[in-house]
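Q: Protein chains in written order, with the working numbering: chain S, 71 to 464; chain R, 18 to 538.
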Amino acid sequence: MNVKSDQTMMLRTPFHSRVAAACELNDWGSWKGYTTPRAYNDVELEYFAIRNATGVFDLSPMNKYRVTGADAEAYLNRLVTRDVSKIRIGRVGYTVWCNDVGQVMDDGTIFHLGENDYRICAYARAVDWLQWSALGFDVEIVDESDEVAALAVQGPTSCAALLAMGLAGLEQLKPFGLTSFPFEGETLMVSRTGFTGDLGYELWIAPHMAEALWDRLFEAGKPHLIKPFGSDALELARIETGFLQAGVDFVPAESAVRSGRSRSPFELGLAWLVDLEKPVFNGRRALLREQAEGSRYRFAMLDVEGNKPAHNSFILKGGNKVGTVTSAAWCPTAKSNIAFAQIEMPHGAVGEELVAEVYYQRELHWTRVLAPCSVIDTPVFNPPRRRATPPGPF
Amino acid sequence: MTERHDIVLVGAGHNGLVCASYLASAGRKVLVLESGDSPGGAAATREFAPGYSVSSCAQWLHQLHPQVSRDLDLEKHGLQLAAKDIASVLLDAEGQHLTLLGPDVRGDRISSGDIAAYHAFHGRTAKYAKLLAKVFEARPPKLVESNFADRLSLIRLGLGLKMLGRDDMRDLMRIVLINIYDLMQENFDSPQLKALLSLDSVLGSHMGPRTPNTVFGYLYRRVGEVFGYQGVAQVKGGMGALGDAMAAAARAKGVEIRLDARVSSIDMVGDRAGGVTLASGEKLEAGLVVSNADPLTTLAGLLGYRNMETGMARRVSQIRCRGGAARLHLALDGLPNFTGLDAQQLGQRLLIAPDMNYIERAFNAVKYGEISKAPVMDISIPTVHDPAAAPTGKHVLSATVQFAPFEPAGGWEAHRADFTERLLDLLAVYAPGIREQVVASELLTPADLQRDYGMTGGHWHHGELSLDQVMMMRPFPGASQYASGIDGLYLCGAGAHPGGGVMGLAGRNAALEIIRRGAAA
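(1) Going by C-alpha to C-alpha distance, which of S/T151, S/N169, S/S406 and S/G139 sits closest to S/N186?
(2) Measure from the C-beta of R/A536 to each C-beta in chain S and report whether the shortest distance is under 8 Å.
(3) Helix or strand or just coil, what does DSSP make of S/V218?
(4) What are the residues of the region 133-155 of chain S that lie near chain R, defined by any Cβ-Cβ distance shorter than 9 Å?
(5) Relative to the C-alpha of S/S332, which candidate in S/L343, S/K244, S/F320 and S/L346 has its C-alpha closest?
(6) Return the chain-ordered list of same chain residues with a C-beta closer than 7 Å to the C-beta of R/L444, the five sequence neighbours on each side being excluded.
(7) How would you list, in chain order, the residues of chain S whose beta-carbon sits under 7 Å from the beta-carbon of R/M490?
(8) Sort R/S128, R/G318 and R/L210 by Cα distance to R/L118 and report the nearest one.
(9) Kindly indicate the opening and closing residues of the beta strand (DSSP E) around S/R136.
(10) Just the chain S side, please: which residues come within less than 7 Å of R/S334 by C-beta, in chain order?
(11) Exposed or buried, S/V73, counting other C-beta atoms within 10 Å across all chains shown (16 or more means buried)?
(12) For chain S, find out if any of its Cβ atoms is closer than 8 Å to the Cβ of R/A330; answer yes or no.
(13) Return the first residue and the last residue of the alpha helix (DSSP H) that R/V232 is part of.
(14) Return helix, strand or coil for S/S250, following the three-state DSSP convention.
(15) Is there a C-beta anywhere in chain R that falls below 8 Å from the one on S/N169?
(16) Where does R/G521 sit, in a helix, a strand or coil, going by DSSP?
(17) By a C-beta neighbour count over all protein chains shown, 10 Å radius and 16 as the cutoff for buried, is R/H82 buried or exposed?
(18) Please classify R/H412 as buried or exposed, where buried requires at least 16 neighbouring CB atoms within 10 angstroms.
(19) So which residues of chain R does S/G353 contact, with C-beta pairs closer than 8 Å?
(20) Going along the chain, which residues of its own chain have a beta-carbon closer than 6 Å to the beta-carbon of S/A109, five neighbours each way excluded?
(21) Within 8 Å (strictly less), CB to CB, does S/V166 reach chain R?
(22) Note down, in chain order, every chain R residue with its Cβ under 7 Å from the Cβ of S/P467.
(23) Among S/P379, S/V327, S/P322 and S/L237, which residue has its Cα nearest to the Cα of S/A290?
(24) Quick one: residues in its chain with C-beta nearer than 6 Å to the C-beta of S/V212, no 5 flanking neighbours on either side, listed in chain order?
(25) The beta strand (DSSP E) that contains S/C168, what's its start and end?
(26) Any beta carbon of chain S sitting closer than 8 Å to that of R/G480?
(27) Just to confirm my understanding: we take R/L259, look at its own chain, exclude 5 residues before and 5 after, and list those with CB closer than 8 Å. What are they?
(28) For chain R, is any of its Cβ atoms less than 8 Å away from the one on S/W274?
(29) Measure the C-alpha to C-alpha separation of R/D465 and R/S397 and round it to an integer number of angstroms.
(30) Check the C-beta distance from R/P229 over to R/I195 and give it rounded, since I have them as a contact under 8 Å.
(31) R/R323 versus chain A: which residues are under 7 Å apart at the beta carbon?
(32) Use the C-beta contact count for S/R457: other C-beta atoms within 10 angstroms, 16 or more gives buried, fewer gives exposed.
(33) In this structure, how does DSSP classify S/T448 when only helix, strand and coil are distinguished?
(34) Identify the residues that DSSP records as bridge partners of S/N390: which are they?
(35) Given a cut-off of 8 Å on the beta-carbon distance, is the pair S/V450 and S/I408 in contact?
(36) What residues in its chain sit with their C-beta under 7 Å from that of S/V113, if we drop five residues either side in the sequence?
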C-alpha cells in the first residue's frame with residue numbers, strides 16, 4: 071500500500087497542526103466533515119481541566135453565517151423564536167429556529183456584532199434555509215464557516231489565562247458579552263460564551279492567525295494548567311450543565327425523514343426561548359396551535375439512581391414505556407447520574423418518579439437494572455463563578 | 018379616523034364581483050376596491066382607437082357557470098349574448114378549412130374515419146369533463162385533515178371515477194397526466210383536427226402540445242360544455258358588458274364598489290390581515306380581506322414575504338405564473354376577406370395553427386425568451402355579430418396570439434412594431450388584402466396584460482394550470498380552500514381552485530367557504 075497516513079478525505083481545521091501534535095491518543099471523530107479529536111489523552115483529565123483549570127476546545131467546524139443589511143434585525147426576528155431586538159450590540163443570544171410547522175431545525179447563538187450586523191452560529195448547515203428566509207428582506211447572508219477559526223477556552227482559570235495572554239480588561243466582560251482585542255495586527259473577537267456551563271470564553275479569529283493564537287494561549291495558560299479537550303469531555307460537561315445537543319437530543323426538523331420524529335421548542339423544554347408576542351416568526355402559527363392543543367412530548371432531566379449511565383434507556387412508568395433517553399452521563403463534579411429524556415405527555419412533570427431501564431456490560435456480561443429516577447427542574451452543575459463579573463482570581 | 022369594514026375585497030374582477038355578491042347575499046357588508054376605472058377585470062371592453070372598441074382581455078364566453086349566472090341574475094342586470102354556439106374554424110390558406118362544433122367536425126380534408134373517431138372521442142371526454150366540473154363546483158378537499166365534508170368530496174370524486182366504468186376510468190387515469198400530442202396521435206389522422214384540439218389544450222398556458230398536463234388543459238376547456246356552452250359565445254357590448262352586469266348585480270345586493278382605488282398594501286394587525294392601504298395613502302380596516310388579485314400579487318406584492326413564514330414564502334415564490342399569450346387588436350375599414358369564408362362565417366372563431374408541430378415550434382420560442390416566428394392565433398371579428406363595436410361599415414378584429422414571452426431580450430419596445438408586422442403578414446396569408454384595411458392596431462404583450470389587468474406574468478389563470486398547481490395544491494400547498502395561509506386573508510380569484518377562464522367558480526366557492534367558516538374565518 072502506498073497511501074500516506076496524512077492522506078484523508080477529512081477536512082482540517084486551521085488549528086490542525088497544533089491539535090494533531092497534542093492528540094496523543096490519535097482518536098479522531100468527524101464533525102461536519104472536519105477531523106476533530108474525541109479525546110487527546112484522557113477523557114477524565116480533560117473534563118477536570120474544564121472544571122478545575124482551563125480546557126481548550128477547537129470549535130472551528132461550527133457553521134457561521136453573517137447577516138448584514140438594513141433589515142437584519144427584522145430578518146432574524148422572523149427567523150428565530152426569541153425577540154432579537156433584545157440582543158443589544160455587543161451581546162450574544164441563545165435561540166432556536168423552527169420550520170413552518172413549529173419543529174426545531176437547530177439551536178445556536180446570535181452574535182450582535184454591530185449596527186445591522188449579526189453572526190449566527192449553528193450546528194446544522196443552514197445556508198439554503200437562511201437564503202429562502204431572506205425573500206422580502208434587505209439582507210445579505212454570507213457563509214463564514216471557513217473564514218473564522220474559533221477556540222472555546224473554558225474553566226475557572228480561563229479568564230486568568232486569557233489575561234495573562236494580554237487581553238487586558240477581559241474580566242469586565244459579562245456573560246453573553248462580546249468584545250474585541252488587537253492581536254498581532256489582526257482582530258481577536260472574544261465572547262463570554264461556551265457549552266460547558268462554567269466560566270468560559272470563545273475566541274474568534276481569522277484562520278491564518280489560528281496557530282499563533284493557539285501558541286500564545288497555551289504559553290500564557292501554562293501556569294493556569296491549560297489543556298486541550300476533545301468532544302467526549304465536552305459531552306460530559308454539557309450534560310452536567312443541562313445543554314441540549316442538536317442531532318443527539320433532537321433531530322433537526324429538516325433532516326428528519328420520518329414523520330413525527332422532530333420536536334417543537336416546547337417539547338424540548340425551550341419554551342422560554344419562544345416569544346409568541348412577536349406577530350410573525352417561523353413556526354408561530356403551529357406553536358400557538360400546540361399551545362392550545364397540548365404537546366406530544368416533554369423534555370425531562372432525570373436524576374437516575376446508581377452510577378450506571380442510562381444510555382439509550384427506555385423510561386418506564388408502572389411498567390409501561392413512556393419515554394426514551396437521548397443523552398446520559400455520570401457527572402463527576404455534581405456526582406450525579408443524569409439523563410435527558412423525551413417523555414410522552416402527560417408524564418415527565420418535575421418531581422415525577424420514573425424508572426430507567428439501564429443495560430450495561432462488564433466483560434461481555436450484560437446486566438439490566440431498573441433504576442428509579444426522578445424528574446429534576448434545574449441542572450446539577452450551575453456554579454456562581456459561571457456568572458461572576460469580574461470572575462474570581464483563580 | 019380609519020374606516021372600518023366587515024370585508025374588504027381587493028379587485029373588481031369577475032371572480033371578485035361574484036364573491037362579493039354571494040357574501041352580500043349572506044348578509045355580509047363588502048367593500049370592493051378596484052384599481053382600474055371599470056369593473057370586470059379580464060372581462061373588459063376598451064376603445065383602442067376612436068370609435069373602435071374590443072374585448073381587450075378575454076374575448077369569448079364559454080365557461081361562465083350557469084348557477085352563478087342565475088344567482089346574480091345577470092340577464093336582468095344587462096347581460097346579453099350577441100351570438101352563441103359559435104363554431105371553431107381552423108383556417109387553411111387554400112380555404113379548405115376544418116370546422117368544429119361540439120361533437121361535430123367537418124371539412125374538405127378530413128376523412129370519415131376521423132369524423133367518427135372524433136365523435137367517439139368527444140363522447141368519452143365529455144364524461145371526464147363532467148367529472149371535472151363536479152370537482153370544480155366545490156372547494157377542493159384537503160388530504161391530511163380528516164374533515165367530514167372533505168372526505169365526502171373525495172368519496173364523491175372516487176365514486177365519480179368508479180361510475181365511469183372500468184374502461185373509461187382506466188382511460189382517464191392513463192391520459193390525464195400525459196400530453197395532448199400523444200393523445201392526438203393515437204386517435205386521429207387529420208393534421209387539422211389534431212392541431213385544433215391541441216390549440217385548445219394550450220391556450221393561455223406556457224405549454225406546447227408535447228408538454229405534460231396538456232390533456233388536463235383540454236379537459237379544463239371542455240368543462241364549458243358541461244356548463245351549457247356549445248362552442249363559444251360572444252357578449253353583446255364586449256366582455257366589459259359582463260363586468261358591468263356583474264357589478265350591477267353586486268351593487269343590487271348591497272356591495273359597495275370603489276373604482277380608481279388602487280390597493281398598495283394589505284396590512285397586518287398583529288398576526289392577522291386586518292386592512293389595506295390605498296395608493297392615495299388612505300387606510301381601511303377590515304374584519305376580513307379577500308383578494309381577487311393573483312396569489313403572487315396578493316402575497317408577495319401586497320402582503321409581502323416578511324409577513325409570512327419562510328416555508329410559505331418559499332412556496333409562494335415558486336408559483337409558476339408565466340404567461341405566453343399576447344392580444345392583437347385591429348381597427349379595419351371593411352370586413353376582411355378570408356379565403357373560403359363568407360361574410361357570416363367570419364363571425365366564427367378563426368384559428369391559425371396548421372398542425373401540431375407548428376404549435377410546438379411557436380411554443381419553443383418562448384421557452385428561450387424569444388417571440389414566435391410563426392405564432393398561433395385565436396381570432397374573433399366581433400363586429401359581425403355586434404356592429405356597434407365599430408363605426409358603421411367598419412370592423413374590429415381581435416386575436417389572442419401565442420406565443421409571446423413576458424420579457425423578450427432587449428425589452429418589448431424593441432420588438433413591438435416587428436411583431437405586429439409579423440402578425441399582419443401571417444393574417445394576410447389567410448385574408449389577402451387585410452393589411453390595406455388596417456386603420457389602427459394595438460398589441461398587448463404579456464407585460465401589458467400584467468400592467469392593465471394585474472395578472473402576474475400576464476397569465477390568464479393567475480398561475481399555471483398544471484397538475485402540481487390544481488385542486489388542493491392551488492395556488493400552493495398549504496393554502497387551499499381559499500384561505501391564503503395568513504389569518505384573515507382569503508383568495509377568490511383565478512389563482513384559487515378551480516382556476517381562471519371567466520367561470521366565476523373561484524369567486525363563488527371562496528364566498529361559500531367564508532360564509533361556512535363564519536366567525537372563525
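Yeah, the Cβ is synthetic: ideal placement off N, Cα and C, and Gly gets one too.
A: In short:
(1) S/G139
(2) no
(3) coil
(4) D141, A144, Y145, R148 and L149
(5) S/F320
(6) I451
(7) Simply none; closest approach about 16 Å.
(8) R/L210
(9) N133 to T138
(10) L205
(11) Because S/V73 sits at a pLDDT of 43, beneath the cut-off of 50, its placement in the model cannot be relied upon, and the following sentence gives the value as read from the coordinates. Its Cβ having fewer than 16 others within 10 Å, S/V73 is exposed.
(12) yes
(13) T231 to V243
(14) strand
(15) yes
(16) coil
(17) buried
(18) buried
(19) E326
(20) L95, D97, G300 and D302
(21) no
(22) Lying outside 71 to 464, the shown extent of chain S, residue 467 of chain S is not represented and no answer is given.
(23) S/L237
(24) R136
(25) V162 to C168
(26) no
(27) H31, G57, A60, L78, L81, L91, L96, V252 and V519
(28) no
(29) 20 Å
(30) 7 Å
(31) The displayed structure is made up of protein chains S and R, and chain A is not among them.
(32) exposed
(33) coil
(34) S/K387
(35) yes
(36) D302 and A303
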